[in-house]
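Visitor: My numbering puts the sequence shown at residues 1 to 166. Cβ coordinates follow ideal geometry from the N, Cα and C atoms, glycine included. These numbers were taken from a predicted model, which means no experiment stands behind them.
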Amino acid sequence: MPDLHRFLSIYLNDHLTGATAGRDLFRRVARSHRGTPRGTELVALAHEVDQDRNAQVDIMRDLDIRPSPVRVAAAQLGERAGRFKPNGMLLRRSPLSDVVELEAMRVAVAGKAAGWEALLALAAHEPRLRVDRLRGLIDRAHDQAGRVSRLHQRAVEELAPRALGL
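1. Which residue marks the beginning of the alpha helix (DSSP H) containing residue 68, and which one marks its end?
2. By DSSP, does residue 94 sit in helix, in strand, or in coil?
3. Kindly indicate which residue of 59, 54, 60 and 24 has the alpha-carbon position closest to the one of residue 43.
4. Look at residue 30 and residue 46 and say whether their C-beta atoms are less than 7 Å apart.
5. Counting along the chain, where does the alpha helix (DSSP H) carrying residue 41 start and finish?
6. Just how far apart, CA to CA, sit residue 118 and residue 135?
7. Below 8 Å, how does it come out for the region 142-156 and the region 94-106: are there three or more Cβ pairs, yes or no?
8. Buried or exposed: where does residue 15 fall if 16 or more other Cβ atoms within 10 Å of its Cβ makes it buried?
9. Near residue 116, which residues of its chain fall below 8 Å by C-beta distance, leaving aside the five closest residues on each side in sequence?
10. Do residue 63 and residue 120 have their beta-carbon atoms positioned less than 7 Å apart in this structure?
11. Could you work out which residue in 37, 5, 143 and 155 is closest to residue 66 when comparing CA atoms only?
12. Apart from the five residues on each side of it in sequence, which residues of its chain come closer than 6 Å, Cβ to Cβ, to residue 18?
13. If you drop the 5 nearest sequence neighbours on each side, which residues of the same chain put their C-beta closer than 7 Å to that of residue 144?
14. Could you name the residues of the same chain whose beta carbon sits closer than 7 Å to that of residue 155, not counting the 5 residues immediately before and after it, in chain order?
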């Protein structure tokens, strides 16, 4: 049976891979919405997601776990590859793009929250995992989930009129 440190090393590197892809996704979506009604909220979310990724790196450092540069690079490439998907439009942004991107953001935030919750459960066995910090990260992830969900709902409501050119 592997020891807890080895398990945490694998687990946290898995989550760092996702956090890196999520950070890049949030940044890209925020950039593409500058000057729009959603822009301010998306910039704030991107900033928080960046802080959360930094918090994960700090937690890894506290546990003497080194981030895998190969996996971080793979996450960045994966996020970029995910941009090239058919969206029904060749030369301009599809109204569907907002909906699909916000759905990906919802998944990213849910995965992050689950990761923080797992670490909180393991904190009883690893004293370097700070319960107060993890609870704060969990609360912030739940807040982010609600905000992204509301943005998604608005994008879905706008989809038909935009698709019809109204």
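Guide: In brief:
1. Where residue 68 is concerned, there is no enclosing alpha helix (DSSP H), because DSSP gives it neither an H nor an E.
2. Assignment of residue 94 by DSSP, reduced to helix, strand and coil, places it in the coil class.
3. For the set 59, 54, 60 and 24, the Cα lying nearest the Cα of residue 43 is the one of 24.
4. Taking the C-beta atoms as reference points, residue 46 is found nearer than 7 Å to residue 30.
5. For residue 41, the enclosing alpha helix (DSSP H) begins and ends at 39-62.
6. Distance between the alpha carbons of residue 118 and residue 135 is about 11 Å.
7. Yes, the region 142-156 is in contact with the region 94-106.
8. Its Cβ being crowded by 16 or more others within 10 Å, residue 15 is buried.
9. For residue 116, where only same-chain residues beyond five positions count, the Cβ hits under 8 Å are 134, 137, 138 and 141.
10. Between residue 120 and residue 63, the gap from beta carbon to beta carbon reaches 7 Å or more.
11. Closest by alpha carbon: 5.
12. Hits under 6 Å: 111.
13. Here residue 144 has 45, 48 and 109 as same chain residues with Cβ atoms under 7 Å from its own Cβ, once five neighbours each way along the sequence are excluded.
14. The residues are 98, 99 and 102.
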